[in-house]
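Keeping their order, the protein sequence lines are chains A and B.
Numbering-wise, the first sequence is residues 151 to 452 according to the working numbering.
Numbering-wise, the second sequence is residues 151 to 452 according to the working numbering.
The beta carbon of each residue, even a glycine, is placed where N, CA and C say it ideally should be.
Protein chains: 2
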Amino acid sequence: MSILVVGSVFFDSIETPHGKIDRALGGAATYFSVAASFFAAVQMVAAVGEDFPQDAIDFLTQRGVDLSGLQIRPGLTGSWAGRYHEDMNQRDTLDLQLNVFKDFRPQLPASHRHAQYVFLANIDPRLQLMVLDQLSAPGLVGCDTMNHWITGSRSELEQLLTRVGILVINDEEARLLSGERNVVRAARRLLAMGPRRVLIKRGEYGVMQFSAESVFAVPAFPLEEVFDPTGAGDTFAGGFMGELARSGDTSEAGLRRAIVYGSVMASFVVEDFGMNRLRAVTPDEIERRYRQFVSLTDIDGP
Amino acid sequence: MSILVVGSVFFDSIETPHGKIDRALGGAATYFSVAASFFAAVQMVAAVGEDFPQDAIDFLTQRGVDLSGLQIRPGLTGSWAGRYHEDMNQRDTLDLQLNVFKDFRPQLPASHRHAQYVFLANIDPRLQLMVLDQLSAPGLVGCDTMNHWITGSRSELEQLLTRVGILVINDEEARLLSGERNVVRAARRLLAMGPRRVLIKRGEYGVMQFSAESVFAVPAFPLEEVFDPTGAGDTFAGGFMGELARSGDTSEAGLRRAIVYGSVMASFVVEDFGMNRLRAVTPDEIERRYRQFVSLTDIDGP
């Protein structure tokens with residue numbers, strides 16, 4: 151089963167204490183698509199400029215990403231430049247040029263309208279709603295958002311939350327959106343806003359999943375070095391939705407395994423700059439790290 | 151098998167956003183002993199003043215804590231007063247009176263010198279070494295420490311670490327002692343200093359165990375409300391060492407289960423002020439929460 155993702159494609163210039171990279175392929179839809187492509191076929195809907203290079207198109211196509219929904223528009227692809235602090239948990243935006251992304255209006259090709267697995271990456275909730283309106287009968291819809299929309303487009307976001315099954319959000323955003331400092335109370339409030347499941351990403355502390363019936367917590371993979379945290383959350387979402395589409399198992403157990411696959415993919419992406427590690431990782435490495443996650447968390451022994 | 155613990159017994163006056171409590175029974179050895187007493191008999195070595203009340207002695211005795219190593223000395227029991235910040239992760243010490251604890255020199259009764267399970271709670275590493283010198287052939291020794299000794303008594307602490315099997319420490323202390331910011335690198339450095347296992351307590355994010363062979367991570371129990379975090383780390387250590395003494399199983403699997411029992415006890419103690427919740431909790435509740443931990447962390451389903 152394939153996955154539809156709608157979101158941003160950007161060029162990222164990133165500086166961390168470990169070095170820097172200039173105008174690397176990035177954006178939420180890109181990280182999501184590449185991570186998900188290890189598990190299932192992906193349909194990506196986004197907008198780039200005429201400067202978008204052929205090698206990026208070739209790379210995505212070779213990874214099984216269907217680009218028939220990618221709008222190539224007059225002008226330049228969006229770009230972002232950021233610098234991470236010494237402890238990697240904070241970053242400053244040095245430059246942001248939305249360019250053609252500014253007027254992005256998602257248009258789904260006919261072939262995308264029957265998508266069963268859909269992920270609405272972090273964009274204006276009006277656009278996320280616009281995507282939902284173009285879908286015939288989506289099976290499982292996940293979405294992300296960010297502080298900018300939580301404070302600036304709250305009513306649209308609240309409307310969106312009544313129409314998605316899974317909210318994937320980081321802890322800071324969960325606090326802001328719920329008005330609750332405690333993560334458990336925050337999750338309960340978010341569940342009351344509509345989604346059947348809330349996944350809270352906690353960076354180096356892993357991920358928690360909340361539903362009305364149960365709570366699941368998985369740690370992040372213990373890494374000696376994080377080179378570049380950019381895209382970790384979108385990569386997590388890609389591995390998570392990818393595994394759900396691959397297995398077709400949306401039971402509690404299926405979702406938990408998908409959360410671990412998401413965590414596996416996120417643990418790889420931060421090991422190198424930008425998308426470099428995702429370009430090199432193999433299915434065998436993914437399965438091996440999945441088993442390491444089982445060993446890391448199994449109370450009855452490694 | 152019984153457990154020997156050496157550490158502080160204090161009166162705590164605590165203020166949190168949820169309320170306050172005055173001169174409640176506290177101190178590392180007390181929290182440790184009460185938590186461990188649900189699993190095994192405990193021998194407590196500490197010093198209190200002549201003001202130490204009979205009802206505290208009765209309470210500890212009823213919990214199966216052997217007080218023959220408790221020195222009752224002329225003067226007052228130590229006392230501490232602290233106030234937690236709104237987010238409960240930080241606290242200010244408002245007052246500290248060491249009183250008789252200032253000249254505490256641990257003296258083990260003959261009956262304690264063959265102890266197999268020993269925990270050296272956070273005290274001057276010189277005193278921790280003094281305890282080890284009085285033991286004939288301890289099986290498993292755990293220890294805790296704090297910033298004060300890491301910076302002020304480093305060489306004694308390093309000497310101690312060559313003689314203990316398990317270091318139980320929080321993440322901030324692990325960073326300070328190792329000089330490494332990353333938790334995995336910090337743990338590797340600490341293992342190189344002597345202990346076979348390093349347990350790093352991460353507050354609301356749970357506990358990680360490192361050895362040369364494996365890593366284990368368990369989340370904290372998701373609570374909607376933390377009333378008072380005082381004693382959580384010592385309560386964790388008490389449940390952990392208590393379960394090891396009860397099971398006699400120091401295999402990797404046995405240690406992991408003991409870490410979960412420690413986490414269970416810590417999750418109870420923070421639900422009420424001071425030791426109140428530990429006074430009320432039942433063995434059935436402990437077993438039920440242990441099963442909830444299994445469900446919370448099991449990748450293959452709740």
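**Prompt:** Which residues in the same chain have their Cβ closer than 7 Å to the Cβ of A:E363, if we skip the five residues on either side of it in sequence?
**Reply:** Result list for A:E363: empty, nothing under 7 Å.
**Prompt:** In chain order, what residues of the same chain have a beta carbon less than 7 Å from the beta carbon of B:G398, not counting five sequence neighbours either side?
**Reply:** M151, listed in sequence order.
**Three-state class that DSSP yields for B:A416 in the structure shown** = The three-state secondary structure of B:A416, taken from DSSP, is helix.
**Request:** Quickly, what does DSSP pair B:T243 with across the bridge? List them, please.
**Result:** Partner(s): B:G232.
**Prompt:** If you compare alpha carbons, which of B:D237, B:Q193 and B:K170 is closest to A:R325?
**Reply:** Checked all of B:D237, B:Q193 and B:K170; the closest Cα to A:R325 is B:D237.
**Asked** In chain order, what residues of the same chain have a beta carbon less than 6 Å from the beta carbon of B:E393, not counting five sequence neighbours either side?
**Response** Result list for B:E393: F189, A408 and Y411, in chain order.
**CB contact check: A:P288 to chain B, cutoff 8 Å** = So no, A:P288 is outside the interface.
**Alpha carbon of B:L258 to alpha carbon of B:G219, nearest angstrom** = The alpha-carbon atoms of B:L258 and B:G219 are separated by roughly 6 Å.
**Message:** With H, G and I counted as helix, E and B as strand and the rest as coil, what does DSSP make of A:M391?
**Reply:** If DSSP states are grouped into helix, strand and coil, A:M391 belongs with the helices.
**Item:** Beta bridge counterpart(s) of A:R347 as assigned by DSSP
**Value:** Partner(s): A:I316 and A:S361.
**Message:** Between B:V420 and B:F377, how many whole angstroms is the CB-CB distance? I'm expecting something under 8 Å.
**Reply:** About 6 Å separates the CB atoms of B:V420 and B:F377; that is less than 8 Å, so the two are in contact.
**Request:** Tell me, please, whether the CB atom of A:A145 is closer than 8 Å to any CB atom in chain B?
**Result:** An answer regarding residue 145 of chain A cannot be provided, because it is not within the stretch 151 to 452 covered by chain A.
**Asked** Would B:P275 be called buried (16 or more neighbouring beta carbons within 10 Å of its own) or exposed?
**Response** Around the beta carbon of B:P275, 16 or more other beta carbons lie within 10 angstroms, which makes this residue buried.
**Asked** Between B:Y440 and the rest of its own chain, which residues show a CB-CB distance below 7 Å, the 5 nearest in sequence each way excluded?
**Response** So the qualifying residues of the chain are V410, Y411 and V414.
**Continuous beta strand (DSSP E) stretch holding A:G219: start and end** = Counting along the chain, the unbroken beta strand (DSSP E) around A:G219 starts and ends at V215 to R223.
**Request:** Please go through the same chain and pick out, in chain order, the residues whose beta-carbon is closer than 6 Å to the beta-carbon of A:L282, but skip the five residues on each side of it.
**Result:** Scanning its chain for C-beta atoms nearer than 6 Å, with the 5 sequence neighbours on each side dropped, one finds around A:L282 the residues R313, in chain order.
**Request:** Hey, could you find the ends of the alpha helix (DSSP H) B:D205 is sitting in?
**Result:** Annotation for B:D205: the continuous alpha helix (DSSP H) segment containing it runs Q204 to Q212.
**Per-residue DSSP class, three states only, for B:I164** = Taken through DSSP and simplified to helix, strand or coil, B:I164 comes out as strand.
**Asked** Using CA coordinates, which residue listed in B:A186, B:S229, B:V334 and B:L217 is at the minimum distance from B:D201?
**Response** Nearest Cα to B:D201 within the set B:A186, B:S229, B:V334 and B:L217: B:S229.
**Prompt:** Out of curiosity, what's the CA-to-CA distance linking B:A191 and A:K351?
**Reply:** Taking the straight line from one Cα to the other gives about 41 Å.
**Item:** Given A:S417 as reference, the closest of A:N249, A:P203, A:A179 and A:G353 once Cα atoms are compared
**Value:** The shortest C-alpha separation from A:S417 is found at A:G353.
**Request:** Rank B:T380, B:D172, B:G381 and B:F386 by C-alpha distance to the C-alpha of B:L349 and give the top, closest one.
**Result:** Its Cα nearest to that of B:L349, the residue B:F386 stands out among B:T380, B:D172, B:G381 and B:F386.
**Asked** From the beta carbon of A:L175, is the nearest beta carbon of chain B less than 8 Å away?
**Response** Not closer than 8 Å to any Cβ of chain B, the Cβ of A:L175 fails to qualify, so no.
**Request:** Take A:E435 and list the residues in its own chain whose beta-carbon comes closer than 8 Å to its own, dropping the five residues that flank it on each side.
**Result:** Contacts found: F418.
**Request:** Would you please verify whether the beta carbon of A:T447 is less than 8 Å from any beta carbon of chain B?
**Result:** Taking 8 Å as the threshold, the shortest C-beta distance from A:T447 to chain B falls below it.
**Exposed unless 16 or more other CB atoms sit within 10 angstroms - verdict on A:T243** = A:T243 is exposed by the Cβ-count criterion.
**Request:** Measure the CB-CB distance between A:L311 and A:G344 and report whether it falls below 8 Å.
**Result:** Yes, Cβ-Cβ distance for A:L311 and A:G344 is below 8 Å.
**Prompt:** Between the stretch 438-452 of chain A and the stretch 369-376 of chain A, do three or more beta carbon pairs fall short of 8 Å?
**Reply:** With the rule of 3 Cβ pairs closer than 8 Å, the stretch 438-452 of chain A counts as touching the stretch 369-376 of chain A.
**Asked** Is A:I409 helix, strand or coil when you go by DSSP?
**Response** In the three-state reduction of the DSSP assignment, A:I409 falls in the helix class, which pools H, G and I.
**Message:** Distance cutoff 8 Å, beta carbons only. Does A:V318 sit that close to anything in chain B?
**Reply:** Not one chain B Cβ lies under 8 Å of A:V318.
**Request:** Output, in sequence order along the chain, the residues in the stretch 396-411 of chain A whose CB is closer than 7 Å to any CB in chain B.
**Result:** Going along the stretch 396-411 of chain A in chain order, one finds E402, A403, R406, R407 and V410 with a Cβ nearer than 7 Å to chain B.
**Message:** For chain B, check one thing: does any of its Cβ atoms lie closer than 8 Å to the Cβ of A:E374?
**Reply:** At least one beta carbon of chain B lies nearer than 8 Å to the beta carbon of A:E374.
**Residue burial classification, A:T166 (beta-carbon count within 10 angstroms, cutoff 16)** = Buried, by the Cβ-count rule.
**Asked** By DSSP, does B:D434 sit in helix, in strand, or in coil?
**Response** Annotated three-state conformation of B:D434 is helix, per DSSP.
**Asked** Hey, how far is the Cα of B:I273 from the Cα of B:G292?
**Response** Cα-Cα distance, rounded: 13 Å.
**Members of the stretch 325-348 of chain B that neighbour chain A once the beta carbon cut-off is set at 8 Å** = Residues of the stretch 325-348 of chain B whose Cβ lies closer than 8 Å to any Cβ of chain A, in chain order: R331, N332, V333, V334, R335 and R338.
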